[in-house]
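Contents: one structure, followed by commentary.
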Amino acid sequence: MSQENVELVMGTIDSINRRDLDQAVEAAHNDFEADWSNSIAPHSGVYRGREQARRLIEAFLEAWDEFHWDLQEVVEVDEARVLVVNRVRGRGRGSGVNVDATGAQLWTIVGGKVRRVKLYQSKADAFEAIGLRGASTD
Numbered sequence: 151m152s153q154e155n156v157e158l159v160m161g162t163i164d165s166i167n168r169r170d171l172d173q174a175v176e177a178a179h180n181d182f183e184a185d186w187s188n189s190i191a192p193h194s195g196v197y198r199g200r201e202q203a204r205r206l207i208e209a210f211l212e213a214w215d216e217f218h219w220d221l222q223e224v225v226e227v228d229e230a231r232v233l234v235v236n237r238v239r240g241r242g243r244g245s246g247v248n249v250d251a252t253g254a255q256l257w258t259i260v261g262g263k264v265r266r267v268k269l270y271q272s273k274a275d276a277f278e279a280i281g282l283r284g285a286s287t288d
């Protein structure tokens, strides 16, 4: 696994946790795409470019009084792709509802920048989508 790619992904997640949108968006490739079409949350859709990436992160963070994205596992897919399994915890702004959910994202890195992030509702869904059906999905 490319250590640089892993560090880029982890650094981007850390930036989002710290609500440092400038640093998070700086990691994005000019042709960035966030595919959140599998999301069951209100922000489902496909977001293209750095400005839409910023708007997605802003909208998501504005929905939470408290929010933290915990990295649980990093899986090598190939030289350009990193699969992240995570736990998201937060408390809804206004509602006060606590959320604790797990999911996965497939991050594609091109030229040292995040080119694409695809959301999956579970590690098993992500493994199946990328053709790792025989892999452990605990």
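Residue numbering for the sequence shown follows my numbering, starting at 151 and increasing by one per position.
For glycine and all other residues, C-beta sits at the position ideal for the given N, C-alpha and C.
Item                                                                                                                 : Value
With 16 other Cβ atoms within 10 Å as the buried cut-off, status of residue 255                                      : buried
Close Cβ partners of residue 165 (< 6 Å) along its chain, the five nearest in sequence each way excluded             : 173 and 174
Opening and closing residue of the beta strand (DSSP E) in which residue 155 lies                                    : Residue 155 -> not in any beta strand (DSSP E); alpha helix (DSSP H) instead, spanning 153-167.
Euclidean distance between Cα positions of residue 248 and residue 215                                               : 10 Å
Same chain, Cβ closer than 7 Å to residue 187, five either side skipped, listed in chain order                       : 194, 195 and 196
Own chain partners of residue 203 with C-beta closer than 7 Å, once the 5 adjacent residues on each side are dropped : 175, 178, 182, 184 and 197
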